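Inspection log for the structure reproduced underneath, given as structure tokens.
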């Protein structure tokens with residue numbers, strides 16, 4: 001292993017920023033590029049797990065420094081309009097298992113922390129191709145002028161460029177899995193009608209449609225729906241709602257068998273995608289970034305197996321959550337509802353679920 005490796009990070013989302021920050025924290029300044037002209041503030045995930053806060057705290061990013069993060073203490077669950085359970089969320093190791101905080105804001109904090117360490121994101125620079133030799137990997141990129149130009153030689157290339165990863169495609173790493181059948185939507189509104197004692201609400205229906213609501217910041221509500229009408233659902237629930245945005249997307253359950261090929265690694269959505277149910281995409285992405293940087297700079301290539309193992313477990317959990325949300329089976333719905341109604345009275349019964357959510361395992 002090279003003692004002072006040259007590393008290129010492709011993609012300045014959560015996983016790429018986390019990887020670059022861990023490197024910079026250890027005295028290695030990677031180069032980080034992103035094809036976008038600037039950072040998007042359209043929100044995606046809203047839940048940041050306790051385990052992720054623990055990883056980020058050494059960079060000065062934590063619920064103590066991010067004062068508007070909202071601790072998750074209560075979860076309300078409805079089925080066909082009837083309240084099934086109002087669940088007090090049990091603490092994990094003395095802390096809330098997650099805080100509600102917008103992904104875009106979190107990424108902005110991470111980018112600012114990275115800049116303080118002397119590493120700036122190079123926007124409008126898109127990965128194009130690479131040539132790998134025994135001792136290095138030569139990368140080409142499309143720069144803002146549209147020209148394809150050499151970007152230099154590196155010891156490692158980290159593909160953190162999302163579900164449609166150009167790095168993964170160039171490395172010909174198979175992306176295995178399946179697509180979920182629904183067309184999904186996410187919308188965000190402003191409202192003053194969110195109940196003060198809840199941080200998350202789930203509205204399920206017997207037809208398999210489920211709306212997950214969370215409060216990423218005071219006065220804001222985000223809704224994710226496995227159907228195309230998230231905005232309409234939100235405006236019907238909150239009469240004072242003002243729509244900020246709505247977007248539509250499809251969801252898949254896919255992952256790479258292994259995140260490495262030669263001198264190329266893929267992390268975050270470039271390595272695995274899953275249902276947003278369970279709120280693990282952002283958290284697994286950050287875990288990937290920090291864990292890979294720790295292993296790579298320590299010369300521990302066993303990190304490859306650790307990344308693959310964690311992804312398998314998380315995707316199994318999120319797929320289970322999706323199946324529980326989308327089921328139309330009367331038997332399964334009754335069992336699900338009975339369990340959560342009982343867990344509302346005995347919160348310790350749900351501790352296993354929130355421990356997985358917390359990422360502390």
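Residue numbers (the UniProt record's numbering): 1 to 361.
All residues carry an ideal CB built from backbone N, CA and C; glycine is no exception.
On a predicted model such as this, the values are computed, not experimentally measured, just so you know.
With a beta-carbon spacing of about 5 Å, residue 285 and residue 14 fall inside the 8 Å limit used to define contacts. Nearest to residue 340 by alpha-carbon distance, out of 64, 79, 25, 63, is 79. Across the set 81, 329, 123, the C-alpha of 123 shows the shortest separation from the C-alpha of residue 38.
Rounded to whole angstroms, the gap between the alpha carbons of residue 5 and residue 212 is 43 Å.
For residue 333, DSSP assigns no beta-bridge partner whatsoever. In the three-state reduction of the DSSP assignment, residue 210 falls in the strand class. Looking at the DSSP output, residue 78 shares a beta bridge with 83, 203.
A residue is called buried once 16 or more other Cβ atoms fall within 10 Å of its Cβ, and residue 245, having fewer, is exposed. Counting the other CB atoms within 10 Å of its CB gives residue 156 a total of 16 or more, which places it among the buried residues. Cβ neighbours of residue 296 within its own chain (closer than 7 Å, five residues either side excluded): 156, 303. Across the structure, residue 103 and residue 282 are spaced so that their CA atoms are roughly 8 Å apart. The beta carbon of residue 325 is closer than 6 Å to those of 210, 277 in its chain, skipping five residues each way along the sequence.
Between residue 170 and residue 130, the alpha-carbon positions lie close to 8 Å from each other. Taking the Cα positions, residue 202 is about 10 Å away from residue 225. For residue 89, the three-state secondary structure derived from DSSP is coil. For residue 147, no alpha helix (DSSP H) encloses it, and the DSSP letter there is neither H nor E. For the UniProt domain "FAD-binding" (237 to 297), the full-length beta strand (DSSP E) segments reaching 3 residues or more read 242 to 255, 264 to 266 along the chain. Each of 52, 84, 36 was checked against the Cα of residue 334, and the nearest Cα belongs to 84. The C-beta distance from residue 101 to residue 46 rounds to 7 Å, short enough to fall under 8 Å. DSSP, read as helix, strand or coil, puts residue 54 in helix. Out of 239, 58, 11, the CA that lies nearest to the CA of residue 126 is found in 11. Ranked by how close their Cα comes to the Cα of residue 197, the residues 87, 25, 358, 336 have 87 in first place. Sorting 354, 97, 81 by C-alpha distance to the C-alpha of residue 337 places 81 at the top.
Residue 122 has 33 as its beta-bridge partners, per DSSP. Residue 28 sits in coil when the DSSP states are folded into three classes, being neither helix nor strand. Looking at the backbone, the Cα of residue 161 and that of residue 272 are separated by about 12 Å. Between residue 361 and residue 75, the alpha-carbon positions lie close to 22 Å from each other. Sixteen is the threshold: since fewer than 16 other Cβ atoms of the shown chains lie within 10 Å of the Cβ of residue 249, the residue is exposed. Just measuring C-alpha positions, the residue of 139, 132, 247, 70 sitting nearest residue 32 is 139.
The way I'd put it, the region 299 to 317 doesn't touch the region 52 to 59; fewer than three beta-carbon pairs between them come closer than 8 Å. At a Cβ-Cβ threshold of 7 Å, residue 254 and residue 173 do not count as neighbours. C-alpha of residue 356 to C-alpha of residue 145: approximately 45 Å in a straight line. Residue 69 sits in coil when the DSSP states are folded into three classes, being neither helix nor strand. For residue 349, there is no enclosing alpha helix (DSSP H), as DSSP marks it with neither H nor E.
In this structure, residue 116 lies away from residue 19, with their beta-carbon atoms at least 7 Å apart. Using a Cβ distance threshold of 7 Å, residue 258 and residue 308 count as a contacting pair.
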